[in-house]
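Heads up, the sequence shown is in the numbering used here, so the first residue is 142 and it goes up one at a time. Please read the structure below before turning to the comments.
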Amino acid sequence: MGITASINESLDNSTVGELSKLTNQKPQSSDDIKDNFLNILVAQLKNQDPTNPMQNSELTSQIAQISTVEGIEKLNKTLGSIVGQMDSNHAMQTVALIGRGVMVPGNEILVGSNGEKNIDAAPLGYELNRPADIVKVTIRDKNGAVVREMECNKLDPNSSEYLSAGLHSFRWDGKDADGNAVEQGAYNFSVYASQQDQALMVNSLRHAEVSGVVRQENSTKLDLGLVGTVNMGEVRQFL
Numbered sequence: 142m143g144i145t146a147s148i149n150e151s152l153d154n155s156t157v158g159e160l161s162k163l164t165n166q167k168p169q170s171s172d173d174i175k176d177n178f179l180n181i182l183v184a185q186l187k188n189q190d191p192t193n194p195m196q197n198s199e200l201t202s203q204i205a206q207i208s209t210v211e212g213i214e215k216l217n218k219t220l221g222s223i224v225g226q227m228d229s230n231h232a233m234q235t236v237a238l239i240g241r242g243v244m245v246p247g248n249e250i251l252v253g254s255n256g257e258k259n260i261d262a263a264p265l266g267y268e269l270n271r272p273a274d275i276v277k278v279t280i281r282d283k284n285g286a287v288v289r290e291m292e293c294n295k296l297d298p299n300s301s302e303y304l305s306a307g308l309h310s311f312r313w314d315g316k317d318a319d320g321n322a323v324e325q326g327a328y329n330f331s332v333y334a335s336q337q338d339q340a341l342m343v344n345s346l347r348h349a350e351v352s353g354v355v356r357q358e359n360s361t362k363l364d365l366g367l368v369g370t371v372n373m374g375e376v377r378q379f380l
């Protein structure tokens, strides 16, 4: 027999009205719920039918209900504290990434100087969904003209007949097809992969440097400067 059923059967109209006020309240904590519960329980015990009193098992069951509510609230507070601490630790860990290089989805590659008048190109990469026997990278200038075409499976000294599925990265030497150093600036690249003449799905990856960490309400993002901000899940490789 539940509290509401027992009360409706055994209490007079005035008592039921008073109890209705209690049950219609919206407590904000387990203490409020406990007070309302005890008031209802006391009223129920006072007004129960002497010929059919509440059994110990019923009383124990109803007390267990309020204990469960208290336990849930305490558990929620504990979990909230743990989540907050984890978020704080996660933010501190991501700060340590400032200055690190990352590979993220994109198809731009930057060419600059390393300070000794030598051309230095940023790393580029790609991600294969299946092993490939041919992987070609085509680099174009800002006008779309082809600057260089490379077969990546021949550039990798550790490669076998097939390049394995997964992530691959390498550095372009910053030279065109004739071996001349290209001008500094931004270039675009595309990747084609196939296995036995069947084209495969491939994702292009560009290099960027973490310049800051952006903490938002429910997530932490990495600031990659001119590239923009990305979620941690978008980073395919840390360099």
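Glycine included, each C-beta is placed from N, C-alpha and C at the ideal position.
{"Query": "Segment limits, beta strand (DSSP E) that includes residue 268", "Result": "264-269"}
{"Query": "Inter-residue Cα distance where the pair is residue 323 and residue 234", "Result": "38 Å"}
{"Query": "Coil, strand or helix - residue 371 by DSSP", "Result": "strand"}
{"Query": "Reduced DSSP category for residue 325 - H, G, I as helix; E, B as strand; rest coil", "Result": "coil"}
{"Query": "Which of helix, strand or coil DSSP assigns to residue 357", "Result": "coil"}
{"Query": "Cα-Cα separation between residue 85 and residue 214, rounded to whole angstroms", "Result": "Since the displayed the chain opens at 142 and closes at 380, residue 85 lies outside it and no answer follows."}
{"Query": "Stretch pair the stretch 316-335 + the stretch 359-373: three plus CB contacts closer than 8 Å", "Result": "no"}
{"Query": "Rounded C-alpha distance that separates residue 287 from residue 243", "Result": "26 Å"}
{"Query": "N- and C-terminal bounds of the beta strand (DSSP E) containing residue 242", "Result": "242-246"}
{"Query": "For residue 377: DSSP bridge partner residues", "Result": "In the DSSP output, where bridge partners are listed per residue, residue 377 has none listed."}
{"Query": "Backbone CA spacing between residue 373 and residue 362 [nearest angstrom]", "Result": "6 Å"}
{"Query": "Secondary structure of residue 144, DSSP reduced to three states", "Result": "Unreliable placement is indicated for residue 144, whose pLDDT of 46 sits below 50; the coordinate value is still reported in the next sentence. Of the three classes helix, strand and coil, the one that applies to residue 144 here is helix, per DSSP."}
{"Query": "Under 8 Å between C-beta atoms of residue 294 and residue 280", "Result": "no"}
{"Query": "Beta-carbon proximity check, residue 306 vs residue 272, cutoff 8 Å", "Result": "yes"}
{"Query": "Coarse secondary structure for residue 362, derived from DSSP in three states", "Result": "strand"}
{"Query": "Presumed contact (8 Å Cβ cut-off) between residue 266 and residue 378, rounded CB distance", "Result": "7 Å"}
{"Query": "Residue 213 in three-state terms, based on DSSP", "Result": "helix"}
{"Query": "Three-state secondary structure (DSSP) of residue 153", "Result": "Note that residue 153 scores a pLDDT of 47, beneath 50, so its modelled location is shaky and nothing firm can be said."}
{"Query": "Residue(s) in a DSSP beta bridge with residue 253", "Result": "261"}
{"Query": "Residue 248 vs residue 359 beta-carbon contact at 8 Å", "Result": "no"}
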